[in-house]
Every structure is written in C-alpha cells, then in structure tokens.
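Heads up, the sequence shown is in the UniProt record's numbering, so the first residue is 1 and it goes up one at a time. By construction, the Cβ of each residue, glycine as well, lies at the ideal position given by its N, Cα and C atoms. Since the structure is predicted, the reported quantities are computational estimates derived from the model, not experimental observations.
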Amino acid sequence: MKIACARRRADAVLWTLLVNASTRTFPRAINSSYTQAKKVLLVSEPSCGASLIGDILDLSSRIYYIFEPLTRLSSHEVKMYDWRSRAGNTGSFPDKLYSDSIALLDALLTCGFSRMDLTTLNASALALHPKTATLARCVKAAAEAKGSLNSGNDSVNMIRSFAELSSCVEQAESECFNKTILLKVVGSRLIHLEPLLLRHRDLVVLYLVRDPRAMIWSTWKSTPKPNDISTLALNTCSILEDNLSSALELSRRHEGRIALLKYENMAKAPVKTSQLLFSYLGMNCSNETGHMCQLAILERSTTSLNPTSVLEATATTDLESPELSSLNYDDALENLFQSAYAWREP
Numbered sequence: 001m002k003i004a005c006a007r008r009r010a011d012a013v014l015w016t017l018l019v020n021a022s023t024r025t026f027p028r029a030i031n032s033s034y035t036q037a038k039k040v041l042l043v044s045e046p047s048c049g050a051s052l053i054g055d056i057l058d059l060s061s062r063i064y065y066i067f068e069p070l071t072r073l074s075s076h077e078v079k080m081y082d083w084r085s086r087a088g089n090t091g092s093f094p095d096k097l098y099s100d101s102i103a104l105l106d107a108l109l110t111c112g113f114s115r116m117d118l119t120t121l122n123a124s125a126l127a128l129h130p131k132t133a134t135l136a137r138c139v140k141a142a143a144e145a146k147g148s149l150n151s152g153n154d155s156v157n158m159i160r161s162f163a164e165l166s167s168c169v170e171q172a173e174s175e176c177f178n179k180t181i182l183l184k185v186v187g188s189r190l191i192h193l194e195p196l197l198l199r200h201r202d203l204v205v206l207y208l209v210r211d212p213r214a215m216i217w218s219t220w221k222s223t224p225k226p227n228d229i230s231t232l233a234l235n236t237c238s239i240l241e242d243n244l245s246s247a248l249e250l251s252r253r254h255e256g257r258i259a260l261l262k263y264e265n266m267a268k269a270p271v272k273t274s275q276l277l278f279s280y281l282g283m284n285c286s287n288e289t290g291h292m293c294q295l296a297i298l299e300r301s302t303t304s305l306n307p308t309s310v311l312e313a314t315a316t317t318d319l320e321s322p323e324l325s326s327l328n329y330d331d332a333l334e335n336l337f338q339s340a341y342a343w344r345e346p
C-alpha cells in the first residue's frame, strides 16, 4: 500500500513527459560528438546505475576514472545541496563546505593531485580500478606522512615519508595526464557545478536519470525506512525536477556540454547506448565498444570473478575465453533489464 502510494506520487512528476521533453530540447546532447571533451562529470542520484556507466567508460584506455571522490568529505550532501538556503539571500560566497567540494573536483579535473589533500579520497575504491592503483597508493602514503608529522617522528623518517609521497604523486599525475578524466559524482545539484563548466571549457556533464518510482523503491528497500514514504517520494521528485530544469538552463548557456542519459535506455540496449556515449565523447566507435560493454555487464552480473579481473582482461580476453566461459551474456543482459524494472513487482 505504501509503495503504491509512493508510485502514485512519483507519477505526479509526469516522468515520461518530463524527461523525453527535456531530451528533445537538446537532442544533440548524446547524438552528436563533443570532440573537445577531455573532462567528464558523471552525475546521478543514488540507485541510478551510474556505476555500470562508469565501468563501461573506464574500459577505454583513454579514460582515467575516479570513483565517487566526494564521498569521504564530511557532510557531503550539505555541501552540494544546501549552501544557498543556509547562506540566505545575502549574496555571500558559498560556505567552506561547498567550496571544498568544488576545489577538490577542480583539482582532480586537472590531475592536480599535488595541490589537494589526498586523504579525502577513498584508497579502497581507487584500488579496485587498475588505472587508479597508483593514486590509491598515494592516498595511503599521504595518510602515513600526515601521521608521521602529527606523531612527531624524527626528521629522517619524516623526510623519507614525504619524499615517497612526492614520488608517488608525480607518477600518478603522469598516468592521469593526457587522459580523459571521468569523475563519478552522486547527489549533486547540477546548477551548483556551473563554476566548473565556466573554468573548464573542455568539461562535459553526463546526467544519468532514472524513473523516480524506481529510485523511491530502491531507497525504500535499501535504507532504514523513513517515517513518511510520501515525503521521500516528494523529495525524490523535487530533486529530479530541479536537476532537469537546471540541465535545460545549463544547456542553453553551455551548448553541447550537458547530456541526459536515461538508465532505462542502457538497460534496454546497453551496447547501442554505450556506443552513443563513446561517440559523444569524441571516441571512435567500433566492435570493441560493444565488446567492452559486454565485459562490464558480465563483470557486474557475477560474483565468481574478482571485480578487477574482467577490467584487466579487456585487451586480451574475448567472450569465448575460458575465464568467461561460465558466464552467459544473454542471461546477464536479461538480469540487467529485469533489475531496471524490478520496482514494478507487486
């Protein structure tokens, strides 16, 4: 009964009309190439399938993917959502919480690891992706160097710690340089990211959207139950409506640099949608694109392989290899589609 109520309230945002009309307003967003793109923000709400999109794009050798860099900053949601309401109408500069988030994203978009507090990043998440393994080591080295400084260790050990950190950061920056930087950001209001669009002319924003009924259903299942599901539904729809409105506004000010992607499209036609994504980012589409998409879907549909094993096998493994022989791509594809619409179950 409660879920049905949430569905009816979510219907009030006129999901299909809202998203489809928004997409038609700037159809070039995904259907044409923005060849200047060297930096990408993948923005979504929780439970929208952004991890799958990130994994697919990460399989390209041209992508340097950093997974959810804002999650370890304290009060992350406050930073990206509420600074305007708390600042009132004084016109004052955004508070430090918001500024820290923008500063961190700005540094990452330029591979500026030497000018940021690396301990704010999640080393464990970075270590799961081979291309950011060096950066993960740098995060650990930064924590050790900070600990050495705080504990008052002798100067020799302190110098050694910072020398190791400096060497590590230099290597990580060289690995990041000349790659297309991809940052996955969850729970950000699009309009708050405009300072980055103004500063980085080669930055594009991919906004991943999903039927709000699915988002409400997923949140209701995976988190402690809120007292009032109608409030959850209204908040979810309000955020989606606000971001879609912002996407239209930003697309007029930054032509070709804001793209909407419906998760349902990925679930229905993952290979075709992946090819559109790579094309939009100015990357050549080929049979390899479809192959990479299949590998990512298989990786996310099985627990029998280490999370990094499929990612590392991209260049040498095909779907007929012994390593993947136990996996059925058709079944994985069906699972992806079913999971996208599981909220419809009674």
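8 angstroms Cβ shell around L108 - same chain, five flanking residues per side excluded: Residue numbering aside, residue 108 sits at position 108 when the sequence shown is read from its first letter. I66, P69, M116, I181, L183, listed in sequence order.
Entirely within the UniProt domain "Sulfotransferase" (192-289) and at least 3 residues each: give me those beta strand (DSSP E) ranges in chain order. 203-209, 258-262
Span of the alpha helix (DSSP H) holding S51? Counted from its first residue, the sequence shown places residue 51 at position 51. 50-58 is the span of the alpha helix (DSSP H), which, as asked, contains S51.
Which residue wins for smallest C-alpha separation from T119, given the options H129, I191, K39, E144? Translated into the one-based positions of the sequence shown, residue 119 becomes position 119. Among H129, I191, K39, E144, the Cα nearest to that of T119 is on E144.
Would you kindly work out how many angstroms separate the C-alpha atoms of M80 and V185, rounded to a whole number? Here residue 80 refers to the residue found at position 80 of the sequence shown. Here residue 185 refers to the residue found at position 185 of the sequence shown. Residue confidence is low: M80 scores 46 on pLDDT, short of 50, so the model does not pin down where it sits. No coordinate-derived value is stated.
Is it true that the CB of L73 sits closer than 8 angstroms to the CB of D100? On the sequence shown, position 100 is the one that residue 100 refers to. On the sequence shown, position 73 is the one that residue 73 refers to. Taking 8 angstroms as the Cβ cut-off, D100 and L73 qualify as a contacting pair.
Alpha-carbon spacing of L281 relative to L128, whole angstroms: Residue mapping note: residue 281 aligns to position 281 of the sequence shown, counting from 1. Residue mapping note: residue 128 aligns to position 128 of the sequence shown, counting from 1. Rounded to the nearest angstrom, the two C-alpha atoms are 24 angstroms apart.
With L126 and A136 assumed to form a contact (beta carbons below 8 angstroms), what rounded beta-carbon distance in angstroms separates them? Start at 1 with the first residue of the sequence shown, and residue 126 comes out as number 126. Start at 1 with the first residue of the sequence shown, and residue 136 comes out as number 136. So it is a contact: roughly 4 angstroms between Cβ atoms.
Proximity to I258 [Cα-Cα], best of I102, L208, P46, C176: By 1-based counting over the sequence shown, the position of residue 258 is 258. Minimum Cα distance to I258 is reached at L208.
My assumption, with CB atoms under 8 angstroms, is that C138 sits in contact with A172. Please give the rounded CB distance. Within the sequence shown, numbered from 1, the residue matching residue 138 stands at position 138. Within the sequence shown, numbered from 1, the residue matching residue 172 stands at position 172. Between A172 and C138 the Cβ distance is about 5 angstroms, and since that is below 8 angstroms, they are a contact.
Candidates I102, Y64, A133, of which the one nearest C111 by Cα: One-based indexing of the sequence shown puts residue 111 at position 111. C111 has its Cα closest to that of Y64, out of I102, Y64, A133.
Can you give the beta carbon distance from D202 to K38, rounded, assuming they're within the 8 angstroms contact cut? Against the sequence shown, residue 202 aligns to sequence position 202. Against the sequence shown, residue 38 aligns to sequence position 38. Going by Cβ atoms, the distance from D202 to K38 rounds to 4 angstroms, so yes, they are a contact pair.
Compare the C-alpha of L206 against each of T236, L260, S218, R189 and name the closest. The sequence position of residue 206 within the sequence shown is 206, counting from 1. Comparing Cα-Cα distances from L206 to each of T236, L260, S218, R189, the minimum goes to L260.
Beta-carbon separation (whole angstroms), L52 vs M283, contact threshold 8 angstroms: Your numbering for residue 52 matches position 52 in the sequence shown. Your numbering for residue 283 matches position 283 in the sequence shown. About 18 angstroms; that fails the 8 angstroms criterion.
Sort out for me which residues DSSP pairs Y65 with in a bridge. For the purposes of this step, residue 65 is identified with residue 65 of the sequence shown, where counting begins at 1. Beta-bridge pairing links Y65 to L182.
If you drop the 5 nearest sequence neighbours on each side, which residues of the same chain put their C-beta closer than 7 angstroms to that of P195? Stepping through the sequence shown from its first residue, residue 195 is reached at position 195. Closer than 7 angstroms at Cβ, skipping near neighbours: I102.
Given a threshold of 16 other Cβ atoms within 10 Å of its Cβ, counted over all protein chains shown, does L212 qualify as buried or as exposed? The residue given as residue 212 occupies position 212 in the sequence shown. Reading off the sequence shown, one finds Pro at residue 212, where the question assumed Leu. Buried, by the Cβ-count rule.
Let me make sure I understand the geometry here. Which of L240, C168, K179, S238 has the alpha-carbon closest to that of F113? Taking the sequence shown and counting its residues from 1, one reaches residue 113 at position 113. The option with the nearest alpha carbon to F113 is C168.
Measuring straight from C-alpha to C-alpha, what distance separates L59 and K268? Numbered from 1 along the sequence shown, position 59 holds the residue referred to as residue 59. Numbered from 1 along the sequence shown, position 268 holds the residue referred to as residue 268. Going from the Cα of L59 to the Cα of K268 covers about 20 angstroms.
Contacting residues, own chain, Cβ-Cβ under 8 angstroms from S47 (five flanking each side not counted): In the sequence shown, counting from the first residue as 1, residue 47 sits at position 47. So the list reads R210, A214, M215, S218, T219, S222, once near-sequence residues are dropped.
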